[in-house]
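Asks:
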Amino acid sequence: MVERSVLLLEANERRLLHLEEGLRGAGFKIVRASSFLQAFQILKAGRKNLVIAILDFEMTTDDPEVLQRMRRLELDRPLPVVLMGEVALSSAEISQLCSDSGYTGYLYNGMSPNKIIDTIRAILNPENSAR
62 MVERSVLLLE
72 ANERRLLHLE
82 EGLRGAGFKI
92 VRASSFLQAF
102 QILKAGRKNL
112 VIAILDFEMT
122 TDDPEVLQRM
132 RRLELDRPLP
142 VVLMGEVALS
152 SAEISQLCSD
162 SGYTGYLYNG
172 MSPNKIIDTI
182 RAILNPENSA
192 R
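Residue 192, in the numbering used here, is where the sequence shown stops; the numbers in between run on with no holes.
Next comes the structure, spelled out in structure tokens:
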């Protein structure tokens, strides 16, 4: 089986540990970044096994151009980039946010670990999604 890694950029340590636990349980390896600079360095290094990036929404407000800069570093293939935030959004609001910003999806950090994993799997395998 090919190793699948998730790039996590999350400011809240407790939330980060919670996410890591659920993702590891689902078979993902975790690559942590504590800043956008570190995330960019990881992407520049060309980690081939990265399958998705999850970014803390609050951290992206400090750097609104982060997605565009990340996209410029994706040399070999596009990487789904998902925001995770404090506010629960409706499906319509998530669609609008993604349409306006270019992000692949949005996760509410109050979701259960199983729901987060299901959402990530649906993003990674849209053809197998029941949407």
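Don't be surprised by glycine CBs; every beta carbon is placed ideally from N, CA and C. Remember, predicted model here, so these are calculated numbers, not experimental data.
Among Lys105, Leu111, Glu147, whose alpha-carbon lies nearest the alpha-carbon of Leu69?
Replies: Leu111
Asks: From Arg192 to Ile155, what distance separates their C-alpha atoms?
Replies: Bear in mind that the predicted position of Arg192 carries a pLDDT of just 45, short of 50, making it unreliable; the figure below should be weighed with that in mind. So the two alpha carbons sit approximately 14 Å from each other.
Asks: Indicate whether the contact test is met: 3 or more Cβ pairs, each with one atom in the region 67-84 and one in the region 99-113, closer than 8 Å.
Replies: yes
Asks: Whose C-beta lies closer than 7 Å to the C-beta of Ile181 among residues of the same chain, with five residues either side of it excluded?
Replies: Within the same chain, Cβ atoms closer than 7 Å to the Cβ of Ile181 are found at Ile113, the five residues on either side in sequence being excluded.
Asks: In the structure shown, what three-state DSSP assignment does Ser66 receive?
Replies: strand
Asks: Could you tell me which uninterrupted alpha helix (DSSP H) segments, each at least 4 residues in length, are contained entirely in the region 67-108, listed from first to last along the chain?
Replies: 74-86, 97-105
Asks: Just to confirm, are Pro174 and Gly88 a CB contact at a threshold of 8 Å?
Replies: The answer is no: Cβ separation not under 8 Å.
Asks: Between Leu78 and the rest of its own chain, which residues show a CB-CB distance below 8 Å, the 5 nearest in sequence each way excluded?
Replies: none
Asks: In three-state terms, what does DSSP make of Val112?
Replies: Residue state for Val112 is assigned as strand, using DSSP reduced to three classes.
Asks: Note the first and the last residue of the continuous alpha helix (DSSP H) segment covering Leu158.
Replies: 152-162
Asks: Along the chain, where does the beta strand (DSSP E) containing Met145 start, and where does it finish?
Replies: Where Met145 is concerned, the enclosing beta strand (DSSP E) stretches over 142-146.
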